[in-house]
Ligand SMILES: Nc1ncnc2c1ncn2[C@@H]1O[C@H](COP(=O)(O)OP(=O)(O)OP(=O)(O)O)[C@@H](O)[C@H]1O
Ligand SMILES: [Mg+2]
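Residue numbers (UniProt numbering): 1 to 240.
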């Protein structure tokens, strides 16, 4: 379970997270929507300890992410994160790229790492691309490789930050299908997305961020069907 309690975070004079409270139980698919600069990416980077927080706390399965004694490397194995774009190592094949972290971070043998990488690449539909170099793949395939790379660490939680927003429209669907598959398998996921149809279909709950505040959180039928917050109403009107 991910527990976020009264988290505040500023960059200089700008308060980006203004007291966020949120608990994500195991198995939940939570999507986060909201305008540019509302703090969505910042929250994800605080959850996996890439960014410090100013006050409050974030606890993952009983471990306080920002406590001094916390082994962040160990924690991050639990929390896979995929961003808008991931720069694969161009001189390594797709398979070698996905094998890298299991070998270096988990200390697996070449054979073990390869078995895991093949399994996860097959899982995301890239079984045919193992020996290909990343720059020979489409944007959608590259994003699926990034997802396979995160899955190769056997994470218990996956954080996705607008993984489809750098893609051509015709490639968005294949990546969203991969996320749908993970959701249907019971992966606990927090997905920041601009894809409202996807959010509506796949989420257990949707959270709307506005200027550093989580202005509304509800199951999708409620949040999209009967939004209460005026800013959310305006946001949805503008995105439809
Ligand atoms: N490292 C940083 N240093 C200074 N300011 C930052 C930093 N990271 C983010 N910000 C600022 O914090 C605010 C929130 O940024 P954040 O990236 O969390 O927004 P977002 O909701 O993810 O937006 P988008 O939809 O555009 O990705 C923005 O005003 C941004 O400029
Ligand atoms: Mg962002």
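We put the beta carbon where it would ideally sit given N, CA and C, even for glycine. All of these numbers come straight from a predicted model, not from anything done at the bench.
- Looking at the DSSP output, residue 57 bridges to 5.
- For secondary structure counted as the alpha helix (DSSP H) over 4 or more consecutive residues, the stretch 23-105 holds these complete runs in sequence order: 40-47, 72-78, 94-104.
- Counting C-beta pairs closer than 8 Å gives fewer than three between the stretch 10-24 and the stretch 65-78, which falls short of the contact rule.
- Collapsing the DSSP output to three states places residue 150 in a helix.
- Nearest in C-alpha terms to residue 135, of all of 47, 90, 18, 77, is 90.
- Straight-line spacing of the CA atoms in residue 58 and residue 47 works out to 7 Å.
- The alpha-carbon separation between residue 109 and residue 101 amounts to approximately 11 Å.
- Near ligand 2, meaning a Cβ closer than 7 Å to any of its heavy atoms, lie the following residues in chain order: 40, 41, 161, 162, 192.
- DSSP places residue 216 inside the beta strand (DSSP E), whose first and last residues are 213-218.
- Close CB contacts of residue 217 within its chain, under the 8 Å cut and outside five residues either way in sequence, are with 22, 205, 206, 207, 208, 223 (chain order).
- A straight line joining the alpha-carbon of residue 221 with that of residue 167 spans about 27 Å.
- For residue 177, the uninterrupted alpha helix (DSSP H) segment begins and ends at 169-184.
- A residue is called buried once 16 or more other Cβ atoms fall within 10 Å of its Cβ, and residue 49 is buried on that count.
- Here residue 122 is exposed: its Cβ has fewer than 16 other Cβ atoms, across all protein chains shown, within 10 Å.
- Residue 125 is positioned such that its CB atom lies closer than 8 Å to that of residue 144.
- The DSSP-derived three-state label of residue 113 is helix.
- The beta carbon of residue 95 sits closer than 6 Å to those of 117, 130, all from its chain and outside the five residues before and after it, given in chain order.
- Under a 10 Å Cβ-count criterion, residue 178 is classified as buried, with 16 or more other Cβ atoms of the shown protein chains found around its own Cβ.
- DSSP places residue 163 outside both helix and strand once states are collapsed to three, so it counts as coil.
- With contacts defined by Cβ atoms closer than 8 Å, residue 203 and residue 29 form a contacting pair.
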